[in-house]
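Here the structure is laid out as structure tokens; the discussion comes afterwards.
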Amino acid sequence: MGWPTPQEYNEAIQNPRSAFADPELRAGQPVLTALGLPRPITGAFASVYQLACGPQRTVAVRCFLREFGDQQERYAAISAHLARVALPYMTNFTYLANGIRVNGRWHPILKMDWLEGEVLHNYVEHNLNSPQALLNLAEQWVQMVKMLRTAEIGHGDLQHGNVIVSGGQLRLIDYDGMFVPALAGRRSHELGHRNYQHPDRSEQDFSQGVDHFSTWVVYTSLVALAVQPQLWREYAGGDECLLFRREDFARPAQSPLFRSLEASADPRLASLTAVFHSLTQLPAGKVPPIDAAYQANTAAMNGSSAPRPAAADWLRDHLAPPRAQTVTVAAPRVQKAATAGGLPAGQASAAAKRTAQAAPAAAQDASVEDPSWIRDFIGVQQTQAVDFGSDIEHERKIVRLSMLVSSIAWITFSWASLTLAVPAAVTVAAAFVTLAALLQGYRLDPSVQAQAAEQRTLKEKSVLARRARKRLRRIQAKQKRSDARHAKRREGLERRQVQSQASEQAVLARHDQKLQADLAAAQRRRDQLRQSGLNAVRKLETQHAAYLADMDKQIAASRQLEEAELRQTLARRQQEFVASYMKRQTIDAAIIAGIGPAAKQALRQHGVVRAADLTAARLAQVEGVGEQKGRLLLEWRRKAEALALQAAPQDLSKIEETLIRGRFYQRRFVQEQSKGKAQRRLAKETAAVQERNAAQLQIADQEPAAIRSRSVQKRADIRKRFQSSRAQVQADLAALAKQAADRRNALDQEAAAVQQELALLQAQQATIDLRLRRFEAIEFGSYVRRVLGLT
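Residue numbers (numbering that gives the first Met the number 0): 0 to 790.
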């Protein structure tokens with residue numbers, strides 16, 4: 000028997016009492032369409048139904064459209080891991096092996112909380128005119144995948160339909176293809192949505208990193224739409240994608256979308272797109288995570304396994320302002336964040352000051368680090384190596400002349416019996432002349448002069464960079480001295496502030512513990528009330544079940560007796576008709592081939608006159624009727640009987656049928672009346688129980704709000720008691736922080752200018768370094784080998 004179809008699930012779920020084994024689902028009602036039919040959300044692997052299981056309780060029932068051998072084992076591992084890590088992006092679920100009964104067979108389901116919200120592509124479409132909302136969503140997206148990776152989870156199918164934006168927060172659904180550590184070594188049962196997955200992904204790609212590529216797809220799409228919302232219309236966003244499609248990943252060089260994004264006027268978007276473009280060229284299992292400070296593998300570039308510098312955080316690189324501005328705004332930003340988090344103003348200022356104090360050093364480190372990781376992923380433009388550009392014929396003539404002079408000297412030495420010093424001196428002089436000529440030719444070569452010019456420029460930039468670092472260190476020294484002057488004054492105030500705050504936090508912590516205990520107790524009482532209501536309904540059903548079943552048996556038995564009597568009466572009428580017909584068929588009147596008058600006379604003498612009289616035993620007693628004639632006579636009898644059966648009545652007369660049915664109708668009427676009364680009584684008692692339980696649950700539902708309201712008031716009272724004692728300390732800290740901030744801002748502006756200069760110099764140095772790679776073959780030894788014709 001095959002797996003149920005969506006239509007079969009639709010039919011089964013219309014009657015929850017008989018379809019489900021779970022008590023809560025049995026008491027629920029499916030959400031219906033305007034036509035009164037269940038409203039499923041059907042995908043490739045499952046149909047999801049929404050069931051209302053109480054005034055404040057709605058669940059989702061996920062019915063599978065196909066089965067995997069280890070389905071229950073996988074979901075058990077996933078459920079255990081999700082319960083252990085408790086991420087806010089997940090939805091609680093329960094795997095029910097005997098979940099729903101379809102066509103008499105039980106099939107598994109998932110029971111989970113119903114999420115209210117928008118699927119990702121609908122949320123994006125509704126916020127195309129709000130770039131900040133999309134950028135906030137992109138930042139939240141990176142934080143979510145970071146938490147998933149920390150929890151060792153791979154969703155397996157990150158795409159618009161499986162991401163819900165609920166109350167501004169991201170939530171994930173559909174865990175069919177999820178990876179958790181307990182499933183390591185297995186294969187994936189699905190490959191995810193084609194427009195979000197690497198073109199080369201296979202079932203073997205099933206690990207913690209299974210989401211890396213789809214993470215880049217969603218993030219790049221969100222950033223692109225925040226910068227250029229018109230892309231949604233131009234590239235049919237929302238049609239089974241956000242922006243990118245599988246064809247873009249398979250052939251990025253021919254993709255109009257990639258070309259458009261890489262040509263963007265926004266340099267950050269162009270840079271991000273170039274990085275993503277390069278990732279499509281990596282194997283599916285080698286795509287790096289978007290949130291990590293990963294090491295770029297230069298083996299893909301030049302065969303080396305040496306790691307490159309770590310990548311900076313993507314949100315900082317692509318969304319934050321340039322690094323040079325960070326120092327200026329760091330302190331106010333921290334102060335605002337600290338104040339929003341509940342710190343007093345003075346404490347916030349102090350926290351801002353401490354953060355700002357470390358900013359120049361951090362900024363210097365960030366600026367000194369060469370961001371070459373982005374070139375590794377974008378791909379450094381490989382320029383053609385430079386070769387020597389001068390004509391070497393003159394140098395070759397000098398070499399040949401020197402060799403000739405040396406040869407003549409040695410020949411003369413052998414002929415004229417000169418001293419050895421003469422040819423040796425001539426040879427050394429010729430070698431020196433040759434070397435001087437080669438050095439002169441090497442220095443005058445245009446490529447060597449270009450290399451020297453680049454090296455001089457690089458040296459100049461290095462000197463300027465060292466000077467800039469010295470100025471930056473002097474500024475930092477000034478800041479340290481300034482900080483030291485404020486430190487002693489601040490320490491005493493902060494100590495008082497911290498002590499007061501610690502006392503307040505301790506009191507609040509005890510209050511929060513009591514609040515959680517009260518809320519947990521209220522929830523337990525509500526659960527008990529709900530369970531007691533279900534138990535009461537179940538008890539009523541059990542009490543009436545035996546009686547209703549007995550009445551159903553009696554009604555069924557009455558119907559069976561009625562039908563049996565109708566069949567028996569019809570059979571009697573048919574037998575009577577056949578018997579009457581056979582009596583009217585006489586042998587004398589019949590024309591039977593092979594039976595003549597003599598045989599008929601013999602038959603009459605033995606009392607065989609009608610078709611009904613013909614039997615094998617009686618024919619055996621008639622003389623003159625042999626075996627052959629006996630078969631003919633019996634065959635005639637069978638044909639007569641067949642004709643009689645065809646002509647016999649096939650139905651009882653209306654009067655007979657009415658008389659028979661009438662005798663049973665009164666009996667069943669009484670039985671069905673009794674059954675109906677029992678059912679109405681059960682429905683009335685059940686409704687009364689449910690109504691009482693609903694009223695109790697309504698009161699219980701209001702209890703947490705009342706508890707929280709009292710808690711808010713109590714918390715306000717606690718804060719008020721401590722705030723009065725800290726008011727003066729906060730004022731002193733605020734004044735001290737303002738003095739420090741003013742000094743900091745002045746120094747920050749000076750440091751920012753130096754940092755900008757330093758960043759520019761480092762970028763220029765990196766560019767010169769790249770250009771100098773072209774001159775790697777421009778060496779004096781290569782020049783000598785070239786002149787001597789050895790290369």
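Glycine residues also receive a C-beta, built at the ideal position from the N, C-alpha and C atoms.
The structure presented is a predicted model; accordingly, all values stated were derived computationally and were not measured.
How many Å lie between TYR48 and GLN701 at the Cα?
On the sequence shown, position 49 is the one that residue 48 refers to. On the sequence shown, position 702 is the one that residue 701 refers to. Between the alpha carbons of TYR48 and GLN701 lies a gap of roughly 28 Å.
In whole angstroms, give me the CA-to-CA distance for ARG470 and ARG200.
To locate residue 470, count along the sequence shown from 1; it is residue 471. To locate residue 200, count along the sequence shown from 1; it is residue 201. Distance between ARG470 and ARG200, taken at the CA atoms: about 52 Å.
Other residues of its chain near ASN128: CB distance less than 8 Å, five sequence neighbours each side excluded
The count along the sequence shown starts at 1 and reaches residue 128 at position 129. Closer than 8 Å at the Cβ level, and outside the excluded window around ASN128, lie PRO228.
Please state whether DSSP places ALA59 in a helix, a strand or coil.
Sequence index remark: in the sequence shown, residue 59 carries index 60 (1-based). When secondary structure is reduced to three states using DSSP, ALA59 falls in the strand class.
Just reading off the alpha helix (DSSP H) that HIS276 is part of, what are its end residues?
Numbered from its first residue, the sequence shown carries residue 276 at position 277. Where HIS276 is concerned, the enclosing alpha helix (DSSP H) stretches over 266–278.
Contact the segment 653–671 vs the segment 598–612: 3+ CB pairs below 8 Å
Taking 8 Å as the limit for Cβ pairs, the verdict is that the segment 598–612 does not touch the segment 653–671.
Grouping DSSP H, G and I as helix and E and B as strand, with all else coil, what is ALA519?
Translated into positions along the sequence shown, residue 519 becomes position 520. Shown here, ALA519 sits in a helix according to DSSP, grouped into three states.
Suppose contacts are defined by Cβ-Cβ distances below 8 Å. Is VAL688 in contact with LEU539 by that definition?
Sequence index remark: in the sequence shown, residue 688 carries index 689 (1-based). Sequence index remark: in the sequence shown, residue 539 carries index 540 (1-based). Closer than 8 Å, so yes.
Less than 8 Å between the beta carbons of GLN286 and HIS197, yes or no?
Here the question's residue 286 lines up with position 287 in the sequence shown. Here the question's residue 197 lines up with position 198 in the sequence shown. According to the sequence as given, residue 286 is Val; it is not Gln. Yes.
Going by beta-carbon coordinates alone, are SER213 and TYR195 separated by less than 8 Å?
Walking along the sequence shown from the start, residue 213 turns up at place 214. Walking along the sequence shown from the start, residue 195 turns up at place 196. In this structure, SER213 sits near TYR195, with a CB-CB distance shorter than 8 Å.
Here's the rule: buried if 16 or more other CB atoms are within 10 angstroms of the residue's CB, otherwise exposed. What is PHE275?
Indexing the sequence shown from 1 puts residue 275 at position 276. Using a 10 angstroms sphere on the CB of PHE275, the tally of other CB atoms reaches 16 or more, which defines it as buried.
Consider the Cβ of ALA750: report whether some Cβ of chain D lies at a distance smaller than 8 Å.
The structure shown contains no chain D; it holds only a single protein chain.
With DSSP as the reference, please indicate the residues paired to ILE591 in a beta bridge.
The residue given as residue 591 occupies position 592 in the sequence shown. Paired residue(s): none; ILE591 is not in a bridge.
Under the assumption that THR433 contacts VAL398 (Cβ atoms under 8 Å), give the Cβ distance between them as a whole number of angstroms.
Here residue 433 refers to the residue found at position 434 when the sequence shown is read from its first residue. Here residue 398 refers to the residue found at position 399 when the sequence shown is read from its first residue. That pair is a contact at about 6 Å.
Between the CA atoms of SER557 and ALA563 - distance to the nearest angstrom:
The sequence position of residue 563 within the sequence shown is 564, counting from 1. The sequence position of residue 557 within the sequence shown is 558, counting from 1. Spanning the two alpha carbons is a distance of roughly 10 Å.
Other residues of its chain near PHE536: CB distance less than 8 Å, five sequence neighbours each side excluded
Here residue 536 refers to the residue found at position 537 when the sequence shown is read from its first residue. According to the sequence displayed, residue 536 carries Val and not Phe. Non-local beta-carbon contacts of VAL536 in its own chain, meaning distances under 8 Å to residues more than five positions away in sequence, involve ALA26, THR685, VAL688 and GLN689 in chain order.
Sequence-distant residues of the same chain with beta carbon closer than 8 Å to SER401, five excluded per side
As a working mapping, residue 401 is identified with position 402 in the sequence shown. The beta carbon of SER401 sits closer than 8 Å to those of ALA429, ALA430, VAL432 and THR433, all from its chain and outside the five residues before and after it, given in chain order.
Any idea what DSSP makes of ASP747, helix, strand or coil?
Counting from one through the sequence shown, the residue named residue 747 turns up at place 748. Residue state for ASP747 is assigned as helix, using DSSP reduced to three classes.
So, ASN9 versus PRO54, is the Cβ gap smaller than 8 Å?
Here residue 9 refers to the residue found at position 10 of the sequence shown. Here residue 54 refers to the residue found at position 55 of the sequence shown. No, the pair does not count as a contact, with Cβ atoms beyond the cut-off.
Using the C-alpha atoms, what's the distance from LEU221 back to ARG495?
Here residue 495 refers to the residue found at position 496 when the sequence shown is read from its first residue. Here residue 221 refers to the residue found at position 222 when the sequence shown is read from its first residue. Spanning the two alpha carbons is a distance of roughly 47 Å.
Taking buried to mean at least 16 other C-beta atoms within 10 Å of its own C-beta, is LYS582 buried or exposed?
By 1-based counting over the sequence shown, the position of residue 582 is 583. Its Cβ having fewer than 16 others within 10 Å, LYS582 is exposed.
Identified DSSP bridge partners for ILE108:
Looking up residue 108 in the sequence shown gives position 109. For ILE108, which the question treats as bridged, DSSP gives the partners CYS62 and LEU95.
Segment contact flag, the segment 114–133 with the segment 177–185, C-beta cutoff 8 Å, min 3 pairs
At 8 Å Cβ cutoff, the stretches do not touch.
Give the DSSP-derived three-state secondary structure of PRO370 in the structure shown.
The residue labelled residue 370 in the question sits at position 371 within the sequence shown. Bear in mind that a pLDDT of 32 at PRO370, under 50, signals an unreliable position, so the model cannot answer this.
Whole angstroms are fine: how far does the CA of VAL58 sit from the CA of ALA51?
Residue 51 sits at position 52 when you count from the first residue of the sequence shown. Residue 58 sits at position 59 when you count from the first residue of the sequence shown. Cα atoms of ALA51 and VAL58: separation of roughly 7 Å, rounded to the nearest angstrom.
Sequence-distant residues of the same chain with beta carbon closer than 7 Å to THR568, five excluded per side:
Here residue 568 corresponds to residue number 569 of the sequence shown, with the count starting at 1. Same-chain partners within the cutoff: LEU651, GLU655 and ILE659.
Is the separation between the beta-carbon of ARG170 and that of GLY116 shorter than 8 Å?
The residue given as residue 170 occupies position 171 in the sequence shown. The residue given as residue 116 occupies position 117 in the sequence shown. Result yes, Cβ atoms of ARG170 and GLY116 sit closer than 8 Å.
Going along the chain, which unbroken runs of the alpha helix (DSSP H) with 4 or more residues stay wholly within the segment 625–681?
626–646, all fully within the segment 625–681.
Inter-residue Cα distance where the pair is ARG784 and LYS396
By 1-based counting over the sequence shown, the position of residue 784 is 785. By 1-based counting over the sequence shown, the position of residue 396 is 397. Cα-Cα distance, rounded: 15 Å.
Check whether the Cβ atoms of ILE717 and HIS510 lie closer than 8 Å to each other.
Stepping through the sequence shown from its first residue, residue 717 is reached at position 718. Stepping through the sequence shown from its first residue, residue 510 is reached at position 511. Yes, Cβ-Cβ distance for ILE717 and HIS510 is below 8 Å.
From the DSSP output, which residues share a beta bridge with ARG170?
On the sequence shown, residue 170 is found 171 positions in, with the first residue counted as 1. Residue pairing by DSSP places ARG170 opposite ILE163 in a beta bridge.
Local Cβ density within 10 Å of LEU147, reported as buried at 16 or more and exposed below that
For the purposes of this step, residue 147 is identified with residue 148 of the sequence shown, where counting begins at 1. The Cβ neighbour count for LEU147, taken over all protein chains shown within 10 Å, is at least 16; the residue is labelled buried.
Anticipated Cβ contact below 8 Å, GLN764 with ALA464, distance rounded:
Within the sequence shown, the letter at position 765 stands for residue 764. Within the sequence shown, the letter at position 465 stands for residue 464. Confirmed, Cβ separation roughly 7 Å.
Residue from LEU24, PHE19 and GLY35 whose Cα sits closest to the Cα of ARG104
Along the sequence shown, read from residue 1 onward, the residue named residue 104 stands at position 105. Ranking LEU24, PHE19 and GLY35 by Cα distance to ARG104 puts PHE19 first.
Identity of the residues DSSP links to SER46 by a beta bridge
Looking up residue 46 in the sequence shown gives position 47. SER46 pairs with THR41 and CYS62.
Which class does SER303 belong to by DSSP, given the choice of helix, strand or coil?
The residue given as residue 303 occupies position 304 in the sequence shown. Below a pLDDT of 50, predicted positions are generally treated as unreliable, and SER303, at 35, falls in that range; no measurement from the model is reported.
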